[in-house]
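Protein chains in written order, with this note's numbering: chain A, 1138 to 1306; chain B, 388 to 1358.
Glycine included, every Cβ here is placed at the ideal spot set by N, Cα and C.
All values reported here derive from a predicted model rather than from experimental measurement.
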Amino acid sequence: MLDAHSPLGMTEMFSSHDTMLSEAPGFTLTQVAGDEKALKKAVGKLPKEVGKVLEHDGQTLFRTGPKQIWVLGEKVNADAGVYATPLSSGRTRLLLQGRRSREVLLACAAIDFHQSQFKSGQFVMTGIHHTPVLIHCVGPESFHIYALRSFALNVWQWLADVMEGLADD
Amino acid sequence: MAGFRRLDEGGRIDRTKTLSFTYNGKPRSGFSGDTIASALLASDDLIIGRSFKYHRPRGFMSAGLEEPNGLFTLGEGARTTPNIIGTTTLLEAGMAVRSQNAWPSPKFDVMAVNGLLAPLFSAGFYYKTFMGPFKKSWMLYEPIIRRAAGLGAATVDHGQARYDTRNSFCDVLVIGAGPSGLAAAITAAGSGARVTLVELEGSVGGSLLSSRHEVLEAWRKAQADTAAKFNNLRLLLNATVQGIYDGNQAVVSVGANRLEIIRSQTIIYATGAFERPLVFSNNDRPGVMLAGALRSYLNRYGIAPKRRAVIVTNNDSAYAAAFELAEADVAVTIAEHRVVPPGDLLAMAAQLGIAIFPESGIADVLGGQQLQAVKLAGRHAVTIECDALGMSGGWNPSVHLTSHGGIKPRYENSIASFVPGGFAPSHFGCGAVMGTFGLTACVRDGVAAGLGALIYIGSKVAKSTIEPPKIRDETVFGIAPVWQAAAGKSKAFVDFQNDVTLKDLQQAHQEGYTSVEHLKRYTTLGMGTDQGKTSNINAIGIMAALRGVDMAQAGTTTFRPPFAPLTIGAIAGRSVGKHFRPTRRSPLHNWHEKNGGVFIEAGLWQRAWYYGWAGQSAEIAYIKEMEVVRRGVGIADVSTLGKIDVQGPDAAEFLNRVYVNGFAKLPIGKSRYGVMLNDDGIVLDDGTTSRISETQYYMTTTTAQAGEVMSWLEYLLQRHWTELDVHVTSLTDEWGGMAVSGPQSRNALQLAFPDLDVSNEALPYMGVKDVAYGGTVVRLMRLSFSGELAYEVHCPANFAQSLWEHIIHAAAPLDIKPYGLEALASLRIEKGHVAGLELDHRNTLDDLGLGKMASKDKPFVGRELRLRENHTAPERWSLVGLELLEPDKKLRGGAILFAADDEIKGHGRGYITSVTWSTELNTFIALGLYNGGLKHEGKEIIAAFPLKNEQTRLKIVSPHFVDKQGVRLHA
């Protein structure tokens, strides 16, 4: 068997100003494309809107574009007339958590990350340091950041730098 | 002689905390709460710099952001920051403050000799005085003039300070925390809106901070307390809104080291007003200040003129300064331009023993280096010795930010100045910026603006609880505009920072520069770090009078960001050093790093350039690495290639339209080399595409064009070919790739995959095979960039490193070695494959020798335009191979190509695109683009490299230097 190497190969958490950053590997991510009917057949149920995930049948579904969803999980029915493209190797998943994590995100992207506007279950597709990312709010102070594998270290370093630069309370 | 003293009490300073600092290397001290300006005034440092052109001695003119004179350089070495405004920068212990534009000191400045040369520096002097006597004389003068006339100098050392950038969002952004801004913010926050209140000072209150009225101070504190209780009201102090942009974006510098971009549903401008000076002879002498500044220094910092002050005014507001100075035991005299000031002011002045000279202005300021006395103009031409002269020509609403969206201000007669000319629907204004100068009116105005913003955003509206302070209400603001005083003997300054005088404006007018925009550029009025905050309106008034038009007709110049000086560092934020731009790493990066790989930037990618096993420099290593590929087997990381998943029932048709050659009939399990054009007929990119199944293809692109090709495919599908059922997805990051190349490459793969048949029959040239191996899918493609028997092995990136290690381990008996980008690129030159240096978005298929690939039987993107006249001209620069005829010389990329009998001059007939040492031919070879291309095959030409003054003889040959018949590929 070939060993799998996560994009960062990080086992240690970076911590600064009550905020923690770590790599969260070990996920299965598939992009599924097709018409609405086929998509529904492939995953069972579809998120109604962009920006809110649907938790269904143990999977997390993100509507990422017209006729296109991301499926976090392993139960895609590829025979449903859809076009499935595995993306598990092409993304790193970072976990940003802590009291000031929203402040960190505000230094990275022009998105309103206020707790009244960006709640658990919501996600945005935006950019951090010129690279595309998907940010998923998984808790009041916890976020998964999906970044392209080749930019993984770059995004990690950018986030860590922002965390270090947070002004003391 | 002008002079100031620190009073024993009063001000907003903390006298228990003494702060030591240096000024031009000499020790000074001030108190916590002092600005640099107040600390220097208290130290009796009145002359703090020299003026821009004439090097006249200058002192502080204001106590705020509008200051034109009091600019300093802070810090040393890498921490140097020039052009710091002394009137707004709080004093810190240990500060090293240096004056600017004066040598050896502000009091004795060698360049003051410029004053004698003043006639040379009149309006537009750049375009007149320094144009002769030679054609390019200006080039000689310019550096000297720039050195002599200047603001502070930025450091060239690598900056040490950290600058950060933040985004924030709110419902209501209130700019300015004076009485009206506070009222607006509290009103909006009281109804639950998310409010951000931005204030450039370190405390809220605006003009109230310069007041000594107890009721007003109590009101200010109460509002500050109220604001602090709202969780939904964010107060940003020491923050300056630098610009307002589309989408209600406000760019704000917070302190010296942070830039915040605030996006708000609504914006309320409560930006206040700047007092404007009066224009009279020698009005720039140190000791001459704005009247409001005298009041601020008195009430905020406990600093007063030593004995006597003269106030000259044309409006009511300066009386507050006069009265409060008198209460601080300063003898005050008022020169009043108006015939009769309001009666209550007269009564109060009489009560405080203040003499008022009506219908009087200033004829001249006496004193060599600084103010000693003033000579009044008008009915009472007396001379009064004094320590300070406070001037007030009225108030200019701070309309700058309200104009950034393109709405010009309008002239308002009642205040003799400009107010906002209108607002976007989501913008509101209140207080002094609207020309509302009474305190009660300002508070009411703020409440109204806050309510307006709430209604605009559709918020619930609760009753505002904020009430104006309970004081005797002000009378209506009275002013009689005065744009210039009676002619004096000396210079009367309009723009203090740029040394623009009344005479300059008159001269510009005489020379025809009568438009306000022309006037600005001809005289430099309104430029510089203060952007004319104190000068513009006076200049417009003077210009309007000269033209005989009213102020509204004269109009204003265009206000542009930034509103106040900010550092370049704040704009750059964290995008410096290693964060200057993002970098990309291949899934094999760690292996390269641990195994002697030396990296080179290729676009954003960090690529393995060469490996230590082959040598300690690229020049040596790449040749050894090439030899390994030509004679044995090498392995290279090609993960950076663009990779695109193309899926759908119409995928074949889609590819057939995108590529110039046919793809409709590509069998499953086969790859094909393809070239695609832009719709202008120019080559966009090349690469291979493999058919994986009936409906799935795997496209590779060049590393450089991966993003562009992906965007192009998406564009075509979404805009032009919506009828095609095709989905494209970038796999560049999802899949890693490695090229296994060389005569031994098949044997290497056989060792790595012993159960797999990789024979020529099972995996022929351009064959593709997906195999399951080690728990993942491995895609074997028999492709060659080097011209040797070669394979590309791709797999999901998570497994790329393990697969790479496995192949190297398995093929160790064949002495497989990694080879880097330099060798990869050199091998392809030998083979005559074009790459990024030739695919430079200027060349056609025929230019690159690929014209025969274009199908005649099907439409494809760019088919029509590739045949237009210019694209088919016989003398176009097209691809050639180049062989060196002088072995002792070197070929260089970018060298210009000339025919043998050409004069070596100009752009030549082409240029060298790519150069390498050929291990096959033992000489330097090159690819190039040459006028007429291979029509000249066999001819001798010249390569000129002017940078090194080199000329080399070459021969035009076929670009295919090795294995022209492709025997090795098909082995």
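Cβ of residue i within 8 Å of any chain B Cβ
i         : result
Pro1184/A : no
Gly1309/A : Limits of chain A in this structure are 1138 at one end and 1306 at the other, which puts residue 1309/A out of reach.
Gly1114/A : No answer is possible for residue 1114/A: it lies beyond the span of chain A, which begins at 1138 and ends at 1306.
Pro1277/A : no
Ser1287/A : yes
Asn1214/A : no
Thr1156/A : no
Thr1268/A : yes
Gly1302/A : yes
Ala1247/A : yes
Met1262/A : no
Leu1295/A : Sequence check: residue 1295/A is Trp here, not Leu. Answer yes: the Cβ-Cβ gap between Trp1295/A and chain B drops below 8 Å somewhere.
Thr1222/A : yes
Met1138/A : yes
His1142/A : yes
Cut-off 7 Å between Cβ atoms - residues of its own chain near residue i, not counting five sequence neighbours on either side
i         : result
Ala811/B  : Gly792
Asp1202/B : Gly1019
Gly1235/A : Asp1155, Thr1156, Met1157, Glu1278
Residue-level contact to chain A via CB, residue i, 8 Å cutoff
i         : result
Arg534/B  : no
Gln1034/B : yes
Gln1188/B : yes
Asn618/B  : no
Phe986/B  : no
Residue i (DSSP reduced to helix, strand or coil)
i         : result
Leu933/B  : helix
Ser1132/B : helix
Ser1152/A : strand
Phe556/B  : strand
Arg533/B  : helix
Gly1210/A : coil
Ile573/B  : helix
Met518/B  : coil
Glu1209/B : helix
Pro506/B  : helix
Val1311/B : A small correction: the amino acid at residue 1311/B is Phe; Val does not occupy that position in the sequence shown. Looking at Phe1311/B - three-state DSSP - the assignment turns out to be strand.
Arg1229/B : coil
Cys1182/B : strand
Ile1022/B : strand
Ser747/B  : strand
Thr827/B  : helix
Phe815/B  : strand
Glu1270/B : strand
Residues sharing a beta bridge with residue i, DSSP
i         : result
Gln1034/B : Gln1083/B, His1114/B
Lys1057/B : Gly1154/B
Gln335/B  : This structure leaves residue 335/B out entirely; chain B is present only between 388 and 1358.
Asn783/B  : Phe661/B
Thr901/B  : In the DSSP output, where bridge partners are listed per residue, Thr901/B has none listed.
Cutoff 6 Å; reference residue i; Cβ partners in own chain excluding five residues on either side
i         : result
Gln918/B  : none
Val769/B  : Leu763
Gly592/B  : Arg607
Phe1151/A : Leu1158, Ala1297
Thr1167/A : Val1208, Val1213, Ala1221, Pro1223
Gln652/B  : Asp558, Ile844
Asp882/B  : Leu912, Ser922
Sequence-distant residues of the same chain with beta carbon closer than 8 Å to residue i, five excluded per side
i         : result
Trp1295/A : Cys1245, Ile1265, His1266
Pro1183/B : Glu1121, Trp1122, Gly1123, Thr1163, Val1164
**Prompt:** Which parts of the stretch 655-700 of chain B are runs of the alpha helix (DSSP H), unbroken and 4 residues or longer, counting only runs that do not cross its ends?
**Reply:** Runs of the alpha helix (DSSP H) inside the stretch 655-700 of chain B: 678-688.
**Item:** Contained beta strand (DSSP E) runs [length at least 3] in the stretch 582-637 of chain B, N- to C-terminal order
**Value:** As far as the stretch 582-637 of chain B is concerned, its whole beta strand (DSSP E) runs of at least 3 residues are 582-585, 620-623, 626-632.
**Item:** Unbroken stretches of the alpha helix (DSSP H), 4 residues or longer, contained in the stretch 753-810 of chain B
**Value:** If one requires a minimum length of 4 residues, the alpha helix (DSSP H) runs lying completely within the stretch 753-810 of chain B are 787-790, in chain order.
**Item:** beta strand (DSSP E) runs wholly inside the stretch 1256-1286 of chain A, at least 3 long, in chain order
**Value:** If only uninterrupted beta strand (DSSP E) runs of at least 3 residues are considered, those enclosed by the stretch 1256-1286 of chain A are 1260-1265, 1268-1276, 1279-1285.
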